[in-house]
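Structure, as structure tokens:
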Amino acid sequence: MKADQLINLNNQAKIKELDPLNCLSSIELMPRQLEYAWRETFKLPLENISQKYEKVFFCAMGGSAYAGRIIKSLFRLKVPFTVDVVDNYDLPLSADKKSLVIVASYSGNTEETLSCCRQALDKKLNIVGVTGGGQLADILIRNKLPVFIFDKDLNPSNQPRLGQGYMIASQLAILSALGLIKVKSDEISRAIELLAQNNITYGSGVVSESNPAKKIAGMIFDKIPVFVAGGFLEGAVHAVRNPINETGKHFADYFILPELNHHLLDGLIFPDNLSKKLTFVLINSSLYPAKIIKRLNITEDVINKNSLSAVSINLKGITELVQVFELLQIGNYLSFYLAVAHNVDPAPVPWVDYLKKKLKS
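Sequential numbering from 43 applies to the sequence shown in this note's numbering.
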């Protein structure tokens, strides 16, 4: 059964058959999404909300919250203000006049994000939005607030989790335009260039033996992948785990160094058949602090000593931001190839849709 299904990974006709909404094209278009959103977001009129902030709140859910999580972990040691991701219905009480509230929803109809937006309006806070339209766009336009409404043409699948070039680049651009973070256009250009090169490496026409994303998909196809990454990649590895759930229909989890070293290693003993269920995916980066590199090496040693398997992803980008996009891209390809290996359409999320239907009934 396993061998038969993994044959799908090198079968172009089968890949096309399983992907009627063209998720693969959306993945390939990530660098163009990034380029478009970075350029267009700088056209937003942000003068009225330009000030020094003590707090930035990213109000978003699911894939729309990836940007906030990534920015929080990526810039945690580089900014003098606190960053929080609000993935719920309510703004924290600490949200005040010294706060910037970024409301992000791909569809524009996410009920939790709309709730936070209305609360921020009631408190007369500074708000900026990112969306593909919907109610969120209507509310912000009606209140004459800045909102980046992106064109969805570069995401033919129309799956929010595959429109991350839009969501992440636009929120990086908003904070850059406000002078809250420092991201240069040439760094974005480096990311775009690397993603374009990797589209060739990870492309569906490249056979499993020469394709790192297909190779890892084959290794974790019948196991639970446990991703391990260092601090600045925490937001990015979260944004890898979730699409593996949604796109790959595959259970996965992640842990972050150094925290995992304070509990996880002694959880590798039981149950007795753990080695048949888990595979660790270690995210290597030369940009980690020396202590994190040492911890990752020792962690791999402990994994091996417990007869568990591990595979490594070695990031090549020259900056932390470039490596974030690099990891997101291989994660998207990996989740897609898992769906293909499982012989399922990567686009639908039937159980999420079931939950939403039940909530409305």
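Just so you know, even glycine gets a beta-carbon here, dropped at the ideal spot from N, CA and C.
Residue range of the beta strand (DSSP E) that includes G171
Here the question's residue 171 lines up with position 129 in the sequence shown. Per DSSP, G171 belongs to the beta strand (DSSP E) from 168-173.
Beta strand (DSSP E) runs contained entirely in the segment 283-323, provided each spans 3 or more residues:
The segment 283-323 contains these whole beta strand (DSSP E) runs: 295-299.
Please confirm whether K186 and L167 have their CB atoms less than 8 Å apart.
What you label residue 186 is simply residue 144 of the sequence shown in a count that begins at 1. What you label residue 167 is simply residue 125 of the sequence shown in a count that begins at 1. Contact: no.
L76 versus F312 - alpha carbon distance
The count along the sequence shown starts at 1 and reaches residue 76 at position 34. The count along the sequence shown starts at 1 and reaches residue 312 at position 270. The alpha-carbon separation between L76 and F312 amounts to approximately 43 Å.
For N200, which three-state DSSP category applies?
To locate residue 200, count along the sequence shown from 1; it is residue 158. The answer is coil: DSSP assigns N200 none of H, G, I, E or B.
Looking only at its chain, what residues have a beta carbon closer than 7 Å to the beta carbon of K265, apart from the 5 residues adjacent to it on each side?
Here residue 265 is taken as the residue at index 223 of the sequence shown, counted from 1. Excluding sequence neighbours, K265 sits near K319, L320, T321.
For P392, which residues in the same chain have their Cβ closer than 8 Å to its Cβ, ignoring the five residues on either side in sequence?
Position 350 of the sequence shown, counted from the first residue, corresponds to residue 392. So no residue of the chain qualifies.
Examine the Cβ distances between the segment 248-255 and the segment 372-381 and report whether three or more of them are shorter than 8 Å.
Contact holds: three or more Cβ-Cβ distances are below 8 Å.
Please go through the same chain and pick out, in chain order, the residues whose beta-carbon is closer than 7 Å to the beta-carbon of Y379, but skip the five residues on each side of it.
For the purposes of this step, residue 379 is taken as residue 337 along the sequence shown, with counting starting at 1. The answer, listed in chain order, is L51, A255, K256, A259.
When the distance is taken between beta carbons, is S136 closer than 8 Å to K31?
Outside the shown range of the chain, which is 43 to 403, sits residue 31, and nothing can be said about it.
Using the C-alpha atoms, what's the distance from L329 back to E362?
Start at 1 with the first residue of the sequence shown, and residue 362 comes out as number 320. Start at 1 with the first residue of the sequence shown, and residue 329 comes out as number 287. Distance between the alpha carbons of E362 and L329 is about 7 Å.
Should W393 be listed as close to the ligand SAH, given that the test is whether its C-beta is under 7 Å from any heavy atom?
Absent from the structure shown: the ligand SAH. Ligands present: none.
Determine the burial state of D61: buried for a count of at least 16 other Cβ atoms within 10 Å of its Cβ, exposed for fewer.
By 1-based counting over the sequence shown, the position of residue 61 is 19. The Cβ neighbour count for D61, taken over all protein chains shown within 10 Å, is at least 16; the residue is labelled buried.
Neighbourhood of F293 by C-beta distance below 6 Å, restricted to the same chain and skipping five residues each side
Numbered from its first residue, the sequence shown carries residue 293 at position 251. Closer than 6 Å at the Cβ level, and outside the excluded window around F293, lie I266.
Measure the CB-CB distance between L196 and R74 and report whether it falls below 8 Å.
Residue mapping note: residue 196 aligns to position 154 of the sequence shown, counting from 1. Residue mapping note: residue 74 aligns to position 32 of the sequence shown, counting from 1. Against a cut-off of 8 Å, the Cβ pair of R74 and L196 comes out as a contact.
P122 (DSSP reduced to helix, strand or coil)
Indexing the sequence shown from 1 puts residue 122 at position 80. DSSP places P122 in coil when its eight states are reduced to three.
Kindly indicate the opening and closing residues of the alpha helix (DSSP H) around P406.
Nothing can be reported for residue 406: it is not among the residues displayed for the chain, which extend from 43 to 403.
Taking I216 and T83 to be in contact with their CB atoms under 8 Å, please state how far apart those CB atoms are, rounded to whole angstroms.
By one-based count along the sequence shown, residue 216 stands at place 174. By one-based count along the sequence shown, residue 83 stands at place 41. Rounded, the Cβ-Cβ distance is 6 Å, consistent with contact.
Please give me, in chain order, every unbroken run of the alpha helix (DSSP H) with length at least 4 that falls completely inside the segment 354-400.
Whole alpha helix (DSSP H) segments, 4+ residues: 362-383.
For the segment 179-255, which segments carrying the beta strand (DSSP E) assignment without a break, of at least 3 residues, lie completely within its bounds, in sequence order?
Counting only runs of 3+ residues, the beta strand (DSSP E) found wholly inside the segment 179-255 occupies 189-191, in chain order.
From S141 to A219, what does the alpha carbon distance come to, in whole angstroms?
Walking along the sequence shown from the start, residue 141 turns up at place 99. Walking along the sequence shown from the start, residue 219 turns up at place 177. A direct Cα-to-Cα measurement between S141 and A219 gives close to 16 Å.
Counting C-beta neighbours from all protein chains within 10 Å, is the total for A233 16 or more, i.e. buried, or is it exposed?
Walking along the sequence shown from the start, residue 233 turns up at place 191. So A233 counts as buried.
Just how far apart, CA to CA, sit E288 and P388?
Residue mapping note: residue 288 aligns to position 246 of the sequence shown, counting from 1. Residue mapping note: residue 388 aligns to position 346 of the sequence shown, counting from 1. If you take the alpha carbons of E288 and P388, they lie about 8 Å apart.
For I144, the residue or residues it bridges with in DSSP
As a position in the sequence shown, residue 144 is number 102, starting the count at 1. Per DSSP, the beta-bridge partners of I144 are F100, V170.
Other residues of its chain near S227: CB distance less than 8 Å, five sequence neighbours each side excluded
Indexing the sequence shown from 1 puts residue 227 at position 185. Around S227: W80.
Contact belief for I298 with A271 at Cβ below 8 Å, rounded distance in angstroms
Against the sequence shown, residue 298 aligns to sequence position 256. Against the sequence shown, residue 271 aligns to sequence position 229. That belief holds up - the Cβ atoms of I298 and A271 are roughly 6 Å apart, short of 8 Å.
Integer-rounded CB distance, given that A281 should sit under 8 Å from I112
For the purposes of this step, residue 112 is identified with residue 70 of the sequence shown, where counting begins at 1. For the purposes of this step, residue 281 is identified with residue 239 of the sequence shown, where counting begins at 1. Going by Cβ atoms, the distance from I112 to A281 rounds to 7 Å, so yes, they are a contact pair.
Residues sharing a beta bridge with G272, DSSP
As a working mapping, residue 272 is identified with position 230 in the sequence shown. For G272, the pairing in a beta bridge is given by DSSP as L299.
Report yes or no: do the segment 301-315 and the segment 115-129 share at least 3 C-beta pairs separated by less than 8 Å?
Counting Cβ pairs under 8 Å, fewer than three are found: no touch.
When the Cα atoms are used, what is the spatial distance from I355 to L163?
One-based indexing of the sequence shown puts residue 355 at position 313. One-based indexing of the sequence shown puts residue 163 at position 121. Their backbone Cα atoms lie some 43 Å apart in a straight line.
Using three-state DSSP, classify N53 as helix, strand or coil.
Numbered from its first residue, the sequence shown carries residue 53 at position 11. When secondary structure is reduced to three states using DSSP, N53 falls in the coil class, being assigned neither helix nor strand.
Determine the closest residue to G175 out of F192, H304, R203, C159, with distance taken between C-alpha atoms.
Position 133 of the sequence shown holds residue 175. Residue F192 is the option with its Cα nearest to G175.
Please state whether the Cβ-Cβ distance between F269 and Y244 is less than 8 Å.
Here residue 269 corresponds to residue number 227 of the sequence shown, with the count starting at 1. Here residue 244 corresponds to residue number 202 of the sequence shown, with the count starting at 1. In terms of Cβ geometry, F269 and Y244 do not form a close pair [threshold 8 Å].
For a quick check, are the C-beta atoms of S106 and M261 less than 8 Å apart?
The count along the sequence shown starts at 1 and reaches residue 106 at position 64. The count along the sequence shown starts at 1 and reaches residue 261 at position 219. Their beta carbons are not under 8 Å apart, which means S106 does not touch M261 by this criterion.
Please identify the residue among K347, V189, N64, M103 whose C-alpha is closest to the C-alpha of N90.
Working through the sequence shown from its first residue, we reach residue 90 at position 48. Of K347, V189, N64, M103, the residue nearest in Cα terms is V189.
When you compare each of S349, L222, A238 to F123 by their alpha carbons, which one comes out closest?
Here residue 123 corresponds to residue number 81 of the sequence shown, with the count starting at 1. Nearest C-alpha to F123 among S349, L222, A238: L222.
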